[in-house]
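Novice: Chains A and B are the protein sequences, given in the same order.
Count along the first sequence from 1, add 76, and you get the number used in my numbering.
Count along the second sequence from 1, add 1, and you get the number used in my numbering.
C-beta: ideal position from N, C-alpha, C; glycine also.
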Amino acid sequence: MPVTLERIPGKEERVILSMGPQHPSTHGVLRLVLELEGETVVRALYDIGYLHTGFEKSFESKTYSQGITLTDRMDYLAPLSNNLGFCLAAEKLLGLEIPPRAQWIRVLLTELTRIQSHLVWLGTHAIDLGAMSVFLYCFREREEILHIFEAVSGQRMMTSYFRIGGLALEPPMGWLKAVRKFADRFPARIDEYEALLTRNPIWLRRTQGVGYISAEDAIAYGLSGPSLRGSGVDWDIRKREPYCSYEEFDFKVATRPEGDVYGRYLARVEEMRQSLRIVNQAMEGLPEGPIRADAPHIVLPDRESMKTSIEALIYHFKIVTEGFHPPVGEVYQAIESPRGELGFYMVSDGSPKPFRCHVRAPSFANLQALPKLIEGRLIADVVACIGTIDIVLGEVDR
Amino acid sequence: MTSNLETNPTLLKLREFDPAAVEDARAFRGEVTLYLKPVHFIRACEFLRDEPGLKFSFLADVTALDLYPQEPRFELVYHLLSLETAQRLRLKVRVASENPRFITAVPVWPAANAFEREVFDLFGIVFDGHPFLRRLLLPEDWEGHPLRKDYPTEGYR
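#1: Report the neighbours of S407 (chain A) on chain B: residues whose CB is nearer than 8 angstroms to its CB, in chain order.
#2: Rounded to the nearest angstrom, what separates P39 (chain B) and F103 (chain B) at their Cα positions?
#3: Helix, strand or coil for T3 (chain B) per DSSP?
#4: I think K167 (chain B) touches E76 (chain B), with their Cβ atoms under 8 angstroms apart; what is that distance to the nearest whole Å?
#5: I want to verify the contact list: residues of chain A whose CB lies under 7 angstroms from the CB of T64 (chain B), in sequence order.
#6: Let me see if you follow: with CB-CB separation under 8 angstroms, is T3 (chain B) close to chain A or not?
#7: Can you tell me which of the three DSSP states I411 (chain A) falls into?
#8: For E317 (chain A), return the contacting residues in chain B, with the cut-off set at a CB-CB distance below 7 angstroms.
#9: Could you run through the segment 93-122 of chain B and flag, in chain order, every residue whose CB is less than 9 angstroms away from some CB of chain A?
#10: Counting along the chain, where does the alpha helix (DSSP H) carrying K448 (chain A) start and finish?
#11: Contact check, D151 (chain B) vs L137 (chain B) under 8 angstroms by CB: the rounded distance?
#12: So, is the C-beta of I374 (chain A) closer than 8 angstroms to a C-beta in chain B?
#13: Based on the DSSP secondary-structure assignment, which residues constitute the bridge partners of L121 (chain A)?
#14: For the segment 135-156 of chain B, enumerate the residues whose C-beta is nearer than 9 angstroms to any C-beta of chain A, in chain order.
#15: Kindly give me the distance between the Cβ atoms of R89 (chain B) and E32 (chain B), rounded to whole angstroms, as I take these residues to be in contact under 8 angstroms.
#16: So H80 (chain B) packs on A61 (chain B), CB below 8 angstroms; how close in whole Å?
#17: Using the DSSP secondary-structure output, state which residues sit across from Y36 (chain B) in a beta bridge.
#18: Tell me, please, whether the CB atom of D473 (chain A) is closer than 8 angstroms to any CB atom in chain B?
#19: Between E217 (chain A) and A202 (chain A), what straight-line distance do the alpha-carbon atoms span, to the nearest angstrom?
#20: Does the contact criterion of 3 or more C-beta pairs under 8 angstroms hold for the segment 418-433 of chain A versus the segment 133-144 of chain A?
#21: Where does C433 (chain A) fall in DSSP's three states?
#22: Measure the alpha-carbon distance for L362 (chain A) versus L376 (chain A) and round it to whole angstroms.
#23: Just verifying my parser: in three-state terms, what is the DSSP assignment at L243 (chain A)?
#24: Whose C-beta lies closer than 7 angstroms to the C-beta of R232 (chain A) among residues of the same chain, with five residues either side of it excluded?
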């Protein structure tokens, strides 16, 4: 029996409605149980697990390098952010130094990931609330970014491009031209979305004052990312606990005081502009140099030396067949994913496979605030509230 | 966070507040782990959350470790974050294998709700006082707790 709400004695006239798991506005397979009085939601409960794939169990039977491919499939709208979180955690465990060029390329690509993730959010959020054309525009631009991902990694979505110790490959020649082309055009495109929405009276009526959460509640419920900044909390891991050389970039944390759906909308749109600034800075200052750390027992040798040097061949064989042995210990590495705090808690017992790898998924925590957002509001607002916390069910269920 | 445990301000303040609360303290890669005594846990958490200068008001994560066949078998792991000082702290509590249970942290941090349900679902650790302790990711009639080390990766067949 799936979970449901118990009826309150004396309130039998209320309708208990099961919404989802196949409802188009739930952005995946989320099921909500709503208790309705007329059109007002009195109580709400969420039911998840429809996409549970046991990634955390699978990590324990894969080597550290093999684990990277699983992370793509969690938050499938921000695969490179997940790759980055996993690799940084493993690198922290190993105590690896990553060369600057690899770090900058990582920053550039994760910011592009943030933009394309926000584009999917904006498009689907707008279509949920009846604005069809924004959806088409957003997916047009997203496609350009996916082409860049395909150029560097060979995959549009399941990139697995970041590796423990650096990057899989040097990006192909001319890829920066594609990034520049996108970066030059994109500011005008954001203006276009804003022209369609920001002062649109229908949009304002559907979003202003809807799904309000105060800063104290947002912190207490563990909200993070733009959902937290939309309530006026100035917290961004990229600024406050910089990782992967973010301290070298100049950008503003997009914070909005409103605390409603509209405030979170403005925060995310501003975040796209800021991400673009970071992309531009990363392109201009991209350092030369190696893209992998100097650690032959952890990082695979390049093809050339593997075929000419016996030592490199032995290392290659050892890494591929057995893996590497990190020291015994545990680390927690948090990054600012497009959805909020993405944390990897990795425990090593000294063997080539993680003893435990737990993922603190931002969508999983953000979803907790959903009943708070929708209780007492109209059923039509439920759709706006699901969109505004920007969940990805692959990551919620893992 | 400074990894030198003797001068760690969080540890010093917590010891001053309740000398018996901290069982053990460890540092690795600049991260501090405090093992708390179960009976002192809630009081220590409230102190960490409210004390000026600490303000660990954000509960980032709750999870568990299965150290099978070691005893006590389980460790509960809490990751705290202070939005004011940008410090992180890891709390741990040991839980025995026989009828594993612990007290809920929901009254201290409402965010613990879903995390504890996940731990209950996947490790089978019961949280006393939890407002809605039901399976979260797996169906209600699922047998076993998959993240335990004695649960086969392919499941029971």
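Specialist: In this structure, then:
#1: Just to set this straight, residue 407 (chain A) is Val in the shown sequence, not Ser. The answer, in chain order, is F29, R30 and E32.
#2: 8 angstroms
#3: Legend: pLDDT at T3 (chain B) = 46, less than 50; position of this residue unreliable, no value from coordinates given.
#4: Outside the shown range of chain B (2 to 158) lies residue 167 (chain B), about which nothing can therefore be said.
#5: Y421 and H434
#6: Its pLDDT being 46, under 50, T3 (chain B) is placed unreliably by the model, and the measurement read from it follows with that caveat. Judged by the 8 angstroms Cβ criterion, T3 (chain B) is not in contact with chain A.
#7: strand
#8: A87
#9: W110, P111, A112, A113, N114, A115, F116, E119 and D122
#10: L446 to I450
#11: Wrong, their Cβ atoms sit about 21 angstroms apart, outside the cutoff.
#12: no
#13: A:V109
#14: R135, R136, L137, L138, L139, P140, E141, D142, P147, L148, K150, Y152, T154 and G156
#15: 7 angstroms
#16: 4 angstroms
#17: B:D25 and B:K93
#18: yes
#19: 15 angstroms
#20: yes
#21: strand
#22: 23 angstroms
#23: strand
#24: L222, F225 and E226
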